[in-house]
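> Have a look at this one before I ask anything.
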Amino acid sequence: MNREIELDHITKIEGHANLYVKVTHGKIKKVELRVVEGARYFEGLLLNRDATDAHYIASRICGVCSQAHVVGALHAIEKALGCKSTPQTEVLRELLLLGDILESHVLHLYFLALPDYYAYSSALEFANSDPKILRAALVLKQTFNRIERVLGGREVHAVTPVVGGFSKLPTQEEINGLVKDLKKVEKMVLQVPGLIGSLDLPKFSRPCEHIAISRSNGSMFFGDEIKAMRNGKVFSIEEYKRNINEYVDFTTTSKEALFLGQSFMTSALSRLNIHYAKLSPVAKKLVAGSKVKFPNDSPFANNFAQAIELVEFYYRALKLLEGLKIKQEKPIPVKPRAGHGVSATEVPRGILFHEYELNKSGSIKKCNIITPTSQNLHNIEEDVHAFLPTILDKHEAAIKLELEKLIRAYDPCISCSTHFLSLKLDRE
Amino acid sequence: MRKIYCFGNPYVSGDTLALELADSLKVDGFEFVKCTNPAHLPLGEELFILDVVKGIKKVGLLLDLKKLEQHNTVSAHDLDLGHWLQMGENVGLIKGVKIIGLPLGIAKTEAKREVELILKGLLINKPKMGHIHYYTEKTL
Chain A
126 MNREIELDHI TKIEGHANLY VKVTHGKIKK VELRVVEGAR YFEGLLLNRD
176 ATDAHYIASR ICGVCSQAHV VGALHAIEKA LGCKSTPQTE VLRELLLLGD
226 ILESHVLHLY FLALPDYYAY SSALEFANSD PKILRAALVL KQTFNRIERV
276 LGGREVHAVT PVVGGFSKLP TQEEINGLVK DLKKVEKMVL QVPGLIGSLD
326 LPKFSRPCEH IAISRSNGSM FFGDEIKAMR NGKVFSIEEY KRNINEYVDF
376 TTTSKEALFL GQSFMTSALS RLNIHYAKLS PVAKKLVAGS KVKFPNDSPF
426 ANNFAQAIEL VEFYYRALKL LEGLKIKQEK PIPVKPRAGH GVSATEVPRG
476 ILFHEYELNK SGSIKKCNII TPTSQNLHNI EEDVHAFLPT ILDKHEAAIK
526 LELEKLIRAY DPCISCSTHF LSLKLDRE
Chain B
178 MRKIYCFGNP YVSGDTLALE LADSLKVDGF EFVKCTNPAH LPLGEELFIL
228 DVVKGIKKVG LLLDLKKLEQ HNTVSAHDLD LGHWLQMGEN VGLIKGVKII
278 GLPLGIAKTE AKREVELILK GLLINKPKMG HIHYYTEKTL
């Protein structure tokens, strides 16, 4: 039988995308994930702008992971300008990023992924069936947003981080307040892996490559090297273009990427697959008590990985905040100069690359930004290709739902990648 | 001191009025707080909100969140103020909401005068004073 499935505007993802699938005589002939978000041209918008403005502009790429772009841009620009920020600045930047990741994981798990598994059209339906779930979602989101507001001056598009430091530091009282706020939600955070781990996830797995920052310098989020899980390669972030090849597929408005010629995944799942041994005892115990094990080849396990990261990063944020004694320091002054800088940052959906080349007056001459979703798009298509035959005997509506679950498991951020879903299934 | 949470987008023409009024309104007993995100709102209490509302003709009080347009969350961007308030009230995290609605395109001086009257009515705990316009099915 020949079929054509078209998922027109995939919902509960960030941005707009369609999926087109052609099935001929029961065989999958074509899978195309078409990003239909308008081209964003951010790399072009950044050209000729002063290097010290890059993070403000780049953060507008996304309202969900704006702080990730702030931190990624600042690190790359500081390298280009030869500026080394203070240890306190780095702790505050990590906290800002932690607030962003924690809030983004809550948003995705509770408001976008969970309703699928309860067959709800929206998280608002939890108000009648299980108000505790919705209460937890709102309280957690608010708490993690507060970290972003205290550190960055507001919840999205932070205004206080600047090249060389912070234009306004949080007060010790605000930091102590965050510690109290985080302690109040500990129980709620610890319940998330149990909730996500109890979901009846589709039984599907496909081995693929995973990459994550290697943590060779001890940092969970900012590194000098990238590690690939399957082929074991470790490469410097300066060599990212030699290993990760961005290409243009003219059926979409987003670039896609391959790692050494193969599709790959960068995500919370990738981080846990590669760094499981480094998880805290609390997080390991929660994994041990679940049906999910790491390393894991199922993209659906990414939701559980996000839930485990919620616990891991919650304690990381708490530890950093408890150890923080704010010292008054001004941003390190920088002088315009020609230079080049690359940063790699672990952000909610995987690794984010920012690269800048500056001219002698400190303006941006070249810029390249590769978001995690761009890197994951090809892998999503390959997963759809492999997953579809296992569900092809279902009704079209069921096929569409299962495919949407698969795509949403990646937590794709299409606005970021355009630089996302409707499904068309074509059967002949 | 009762807090009035003012929402808007400084970059969107017509949606800046509540933020502008936050700077210029001075009413005893009220503090005006500019908000950039619904998550900024405190939980566990009654909320007073000032915002531009599309589809109304007069400055007035909206007490029933069901009057706000309902929609599903299909993307991370749908978690807007209205949705946040509806979810919070449905699970008891928000103990009632009074939204002072500003019609799109109203003059600032007129809006300021009308808001001051509403706030004075709220202060003496007589929000149902005759001159306050309430949004109902008929008057929306």
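Protein sequence lines, in the order shown, are assigned to chains A and B. Heads up, the first sequence is in our numbering, so the first residue is 126 and it goes up one at a time. Heads up, the second sequence is in our numbering, so the first residue is 178 and it goes up one at a time. Note that beta-carbon positions come from the ideal geometry of N, C-alpha and C, so glycine has one too.
#1: Where does residue 143 (chain A) fall in DSSP's three states?
#2: If you measure from the beta carbon of residue 216 (chain B) to each beta carbon in chain A, is any gap under 8 Å?
#3: Please identify, using Cβ separations under 8 Å, the residues of the segment 270-303 of chain A that lie next to chain B, in order along the chain.
#4: What does DSSP give as the partner residues of residue 178 (chain B) in its beta bridges?
#5: Would you say residue 267 (chain B) faces chain A, with C-beta separation under 8 Å as the test?
#6: Spatial neighbours of residue 178 (chain B) within its chain, please: C-beta separation below 6 Å, excluding the five flanking residues on both sides.
#7: Alpha helix (DSSP H) containing residue 439 (chain A): first to last residue?
#8: Among the candidates B:281, B:245, B:278, B:286, whose CA atom is the shortest distance from the CA of residue 266 (chain B)?
#9: Mind checking whether residue 446 (chain A) and residue 303 (chain A) have CB atoms under 8 Å apart?
#10: Report the rounded CA-to-CA distance for residue 308 (chain B) versus residue 236 (chain A), giving the unit in angstroms.
#11: Contact between the segment 187-198 of chain B and the segment 277-295 of chain B is defined here as three or more beta-carbon pairs at a separation below 8 Å; is this criterion met?
#12: Quick one: what's got a C-beta closer than 7 Å to residue 380 (chain A)'s C-beta in the same chain, skipping five residues either side?
#13: In or out: residue 537 (chain A) buried (at least 16 other Cβ within 10 Å) or exposed?
#14: Alpha carbon to alpha carbon, how far is residue 411 (chain A) from residue 508 (chain A)?
#15: So residue 470 (chain A) is in the beta strand (DSSP E); what residue range does that whole segment cover?
#16: If you draw a straight line from the C-alpha of residue 274 (chain B) to the C-alpha of residue 218 (chain B), how long is it?
#17: How long is the line joining the alpha carbons of residue 382 (chain A) and residue 355 (chain A), rounded to whole angstroms?
#18: Chain A beta carbons: is any one of them nearer than 8 Å to that of residue 213 (chain B)?
#19: Taking 8 Å as the threshold, find out whether the segment 386-404 of chain A comes into contact with the segment 188-196 of chain A through three or more Cβ pairs.
#20: Residues of chain B with a CB under 8 Å from the CB of residue 259 (chain A): which are they?
#21: Please compile the residues from chain A whose C-beta is within a distance smaller than 8 Å of the C-beta of residue 220 (chain B).
#22: For residue 420 (chain A), write down the residues that DSSP places opposite it in a beta bridge.
#23: What span of residues does the alpha helix (DSSP H) with residue 512 (chain A) cover, start to end?
#24: What would DSSP say about residue 370 (chain A), mapped onto helix, strand or coil?
According to the structure data:
#1: Residue 143 (chain A) falls in the strand class under three-state DSSP.
#2: At least one chain A Cβ lies under 8 Å of residue 216 (chain B).
#3: Against chain B - using a Cβ distance shorter than 8 Å - the residues of the segment 270-303 of chain A are 270, 271, 274, 279, 280, 281.
#4: Partner(s): none; residue 178 (chain B) has no beta bridge.
#5: At a cut-off of 8 Å between beta-carbon atoms, residue 267 (chain B) makes contact with chain A.
#6: In the same chain as residue 178 (chain B), and ignoring 5 residues on each side of it, the C-beta atoms closer than 6 Å to its own belong to 208, in chain order.
#7: From DSSP, the alpha helix (DSSP H) with residue 439 (chain A) extends over 426-447.
#8: Measuring C-alpha to C-alpha distances from residue 266 (chain B) to each of B:281, B:245, B:278, B:286 identifies B:245 as the nearest.
#9: Yes.
#10: Legend: pLDDT at residue 308 (chain B) = 47, less than 50; position of this residue unreliable, no value from coordinates given.
#11: Yes, they touch.
#12: Beyond the five residues adjoining it in sequence on each side, residue 380 (chain A) comes within less than 7 Å, by CB distance, of 371, 372, 373, 499, 544 in the same chain, given in chain order.
#13: By the Cβ neighbour-count rule, residue 537 (chain A) is buried, with 16 or more other Cβ atoms within 10 Å of its own.
#14: C-alpha separation (whole angstroms): 27 Å.
#15: 464-472 is the span of the beta strand (DSSP E), which, as asked, contains residue 470 (chain A).
#16: About 11 Å.
#17: Computed Cα separation, rounded: 17 Å.
#18: Nearest CB-CB separation between residue 213 (chain B) and chain A: below the 8 Å threshold.
#19: Touching, no.
#20: The contacting residues are 264, 267, 268.
#21: Within chain A, 263, 264, 267 have C-beta atoms less than 8 Å from the C-beta of residue 220 (chain B), given in sequence order.
#22: Per DSSP, none; premise fails for residue 420 (chain A).
#23: According to the DSSP assignment, residue 512 (chain A) belongs to the alpha helix (DSSP H) that extends over 497-512.
#24: It is a strand residue.
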